Structures are given as structure tokens and as C-alpha cells.
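Trainee:
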Amino acid sequence: MGTGGLLGKKLIHPLHISVFGEGVVMVENDRKASSSFSKRGSMIYTKTPSRESLHRKKGRNIGHSVPTKNKKDHGGKDQGLDVDNNPDNDAFAVLSSSSLVSERDNEELTTLREQLEDLQKKLLEKDELLKSAEMSNDQMNSVYAKLDALNLRSAEKDSMIKSIHSQLSDAKIKLADKQAALEKMQWEVMTSNSKIEELEEELMSSQGDVSSFMLLLEGLTKNDCNEGTEDYNLSLHLPESCPYIDDMDDMEMQKMEEASQAYVAAVAAAKARQDEESIAAAATARSCLQSFVFRTKVSDVY
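So for the sequence shown, the UniProt record's numbering puts the first residue at 1; every next one is plus one.
1) Taking 8 Å as the threshold (C-beta atoms), are Leu289 and Ala259 in contact?
2) Quick one, are the C-beta atoms of Ile279 and Ala265 less than 8 Å apart?
3) Which of the three DSSP states, helix, strand or coil, is assigned to Asp275?
4) Is it right to say Arg273 is buried, meaning 16 or more other beta carbons lie within 10 angstroms of its own, or is it exposed?
5) If you draw a straight line from the alpha carbon of Ser117 to that of Lys146, how long is it in whole angstroms?
6) How many angstroms separate the CA atom of Gln167 from the CA atom of Lys178?
7) Straight-line CA distance for Ser205 to Met253?
8) Quick one, are the C-beta atoms of Ala285 and Ala262 less than 8 Å apart?
9) By how many angstroms is the C-alpha of Asp138 removed from the C-alpha of Asp148?
10) Hey, how far is the Cα of Lys195 from the Cα of Lys172?
11) Could you name the residues of the same chain whose beta carbon sits closer than 7 Å to that of Pro243, not counting the 5 residues immediately before and after it, in chain order?
12) Just the Cα atoms here: how many angstroms apart are Glu202 and Ser287?
13) At 3 residues or longer, what runs of the beta strand (DSSP E) sit wholly inside the segment 146-186?
14) Ala281: buried (16+ other C-beta within 10 angstroms of its C-beta) or exposed?
15) Alpha carbon to alpha carbon, what distance is there between Arg153 and residue 308?
16) Suppose you measure from the CA of Asp170 to the CA of Glu197; what does that come to, to the nearest Å?
17) Between the C-alpha atoms of Glu108 and Leu119, what's the straight-line distance to the nearest angstrom?
Here it is in C-alpha cells:
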């Protein structure tokens, strides 16, 4: 093979093609590798060419190669030369085929580079989207954490409010009980005050009665019982105004005199004995005497 073959080797040498299933993996050597590594490669996955594209490429190659062969045959016929033994024709055919291969390879390389650039752009875009999604996820996690903290605080405040409401309800119940007890005590105090007033009135009335009785008793005891009761002046111990005495007849006056004498005797006996029976007899005699004074009928005196 001549210079065309060498040129084809130089163009094809950096590429190593392997077929896996329906795809083609192309590895391109990078001559600008670092000092620590002798070679570096980049990998890209491309689909296997379809049958129609292969057929079109074969037809195009045949179309370019046939005129050369016909040209060689035509020249051999016209000139009567042996085509196989002509070195110029071989070199021209090799150069033509090498140029076609190099153009096809350049086109494929250009296409692969464009695809590689597109894939790199898409990869960068996906990386950016992934980073953005991660940032969004972190932000959402932070928001959820804050929301959980707020929910916890809200639950604590709700429990505190419920506790305060419960304490307030208990305090209201206790206050109502105390108010009821206070109202009961006030009612009892009012009742006690009214009873005290009634007792004071009864006491004052009793004291008046006792005072009157004692005055009458003292007036009666001043007279000497041994000298007789004729000289006893009843008017000293009776009320000042007795308008009914003047209207009495002799019979009533005699009965009143007898009641007065009985009363004086009962008082003397009560003073001497100082027991309940004698005091009760003196009170009965006194009532009988008062009935005559105030014209009050008393039954069953004797």
C-alpha cells in the first residue's frame, strides 16, 4: 500500500471501534494527556447504522469507484496496456479510496463531536437540575423541621391553655361554693339578728313584767301582815288610771277586796317558802286581782 494507505492508517489509527449488540462504542485517544498517564480516552454510545444508510453508503462508494475501474478498462482497451501492471493507476485508486474514507471519517467524527457536545450540555443541565433539586429538598426539609417545631409549640400551648381553662373552671366552682356559703352565713346572721331582736323585745317585756311584779311585791311586803290587811292601800300598786273601779258595785268591790287579800297572803307565803308552788299561787292571785281591775273575766280562779 502506498502513501494513501499510510494516510488512511494515520486517520483511522486514533479510533478503536467495538460492536456490542445493536450499538457502537467508539473510543478516541487524546494526545494531550497528562504526564502521569500515557493515554486517555472518552467513550460515547451511538446507535448501529440502519440497513438503508449502509446501502446508501455502499452505493455511493461503488459510484465513485466504478468510474476509475471503467477508466482503467477503457484506457487498457484503447491503448492496449495491462491495467494490473500499471502502478500509476493503483496509486490513484488508493488515493481516491483513502480520500473517501477520510471524508467519511471526518463527517462521522464531526457528528460524534456534535453528539458529544449535546450530551455534555444535557449532562450539565441535568447536573444543575439535580443540584437545584437537592437544594430544594434541603429547603423543604428545613421547612418541615420548622413546621414540626411550630406544631410542637402549638401543641404545648394548647395543653397549657386547656390546663388554664381547667384551673379557671375549678376556681369558678370554688368561688361559687364560697359565695353560696357566704350567702348562707349572711342569711343565718340575719335570722340570728331577727331572733336576737325578738329575744331582746321579749327580755324587755319580761323585765317590765318582773319590774312591775317586784314593785308590787315590795309594796305589799312593806305592810305588816300581823297588823291586818285592812289598812293596805291597793291603789299604790295599781295603775294610775283605772276608770273601771268607780263603776263597780258593792259586790264587785267586795270580790276585789277578797282577791286583794288572797294575793297579799299568797305573796307572803311565796316570800316565806320561796318555792315554785307558792310563786305560782302568787301569780294566780295576781292575775285574779288584775281581772277585777281591768274588768277581765278569769274562769276557774278558785
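In this text, a Cβ means the ideal position worked out from N, Cα and C, and glycines have one as well. Please read all numbers here as calculations on a predicted model, not as lab measurements.
Mentor: If we stick to the structure as given:
1) For the purposes of this step, residue 259 is taken as residue 259 along the sequence shown, with counting starting at 1. For the purposes of this step, residue 289 is taken as residue 289 along the sequence shown, with counting starting at 1. If you check the CB distance, Ala259 and Leu289 come in under 8 Å.
2) Translated into the one-based positions of the sequence shown, residue 279 becomes position 279. Translated into the one-based positions of the sequence shown, residue 265 becomes position 265. By the CB criterion at 8 Å, Ile279 and Ala265 fall outside the cutoff.
3) On the sequence shown, residue 275 is found 275 positions in, with the first residue counted as 1. Three-state DSSP puts Asp275 in coil, outside helix and strand.
4) Along the sequence shown, one-based indexing puts residue 273 at 273. So Arg273 ends up on the exposed side.
5) Counting from one through the sequence shown, the residue named residue 117 turns up at place 117. Counting from one through the sequence shown, the residue named residue 146 turns up at place 146. With the sequence shown as reference, residue 117 is identified as Glu, and Ser is not the correct amino acid for it. Near 43 Å, if we compare the C-alpha coordinates of Lys146 and Glu117.
6) Here residue 167 corresponds to residue number 167 of the sequence shown, with the count starting at 1. Here residue 178 corresponds to residue number 178 of the sequence shown, with the count starting at 1. CA-to-CA, the gap between Gln167 and Lys178 works out to about 16 Å.
7) Taking the first residue of the sequence shown as 1, we reach residue 205 at position 205. Taking the first residue of the sequence shown as 1, we reach residue 253 at position 253. The alpha-carbon atoms of Ser205 and Met253 are separated by roughly 30 Å.
8) The residue given as residue 285 occupies position 285 in the sequence shown. The residue given as residue 262 occupies position 262 in the sequence shown. Contact annotation: Ala285 and Ala262 have beta-carbon atoms nearer than 8 Å.
9) Position 148 of the sequence shown holds residue 148. Position 138 of the sequence shown holds residue 138. Going from the Cα of Asp148 to the Cα of Asp138 covers about 15 Å.
10) The residue you call residue 195 lines up with position 195 of the sequence shown. The residue you call residue 172 lines up with position 172 of the sequence shown. C-alpha separation (whole angstroms): 34 Å.
11) Along the sequence shown, read from residue 1 onward, the residue named residue 243 stands at position 243. The pLDDT assigned to Pro243 is 46, lower than 50, so where the model puts this residue is not dependable; a value taken from the coordinates is nonetheless given after this. None.
12) Residue 202 sits at position 202 when you count from the first residue of the sequence shown. Residue 287 sits at position 287 when you count from the first residue of the sequence shown. Per the coordinates, the alpha-carbon of Glu202 lies some 20 Å from the alpha-carbon of Ser287.
13) Scanning the segment 146-186 for uninterrupted beta strand (DSSP E) segments of 3 residues or longer gives nothing; none is fully contained.
14) Taking the first residue of the sequence shown as position 1, residue 281 is located at position 281. By the 10 Å Cβ count, Ala281 comes out buried.
15) There is no way to answer for residue 308, as the model of the chain reaches only from 1 to 302.
16) Here residue 170 refers to the residue found at position 170 of the sequence shown. Here residue 197 refers to the residue found at position 197 of the sequence shown. As the crow flies, the alpha-carbon of Asp170 is around 40 Å from that of Glu197.
17) Mapped onto the sequence shown, residue 108 falls at position 108. Mapped onto the sequence shown, residue 119 falls at position 119. C-alpha separation (whole angstroms): 16 Å.
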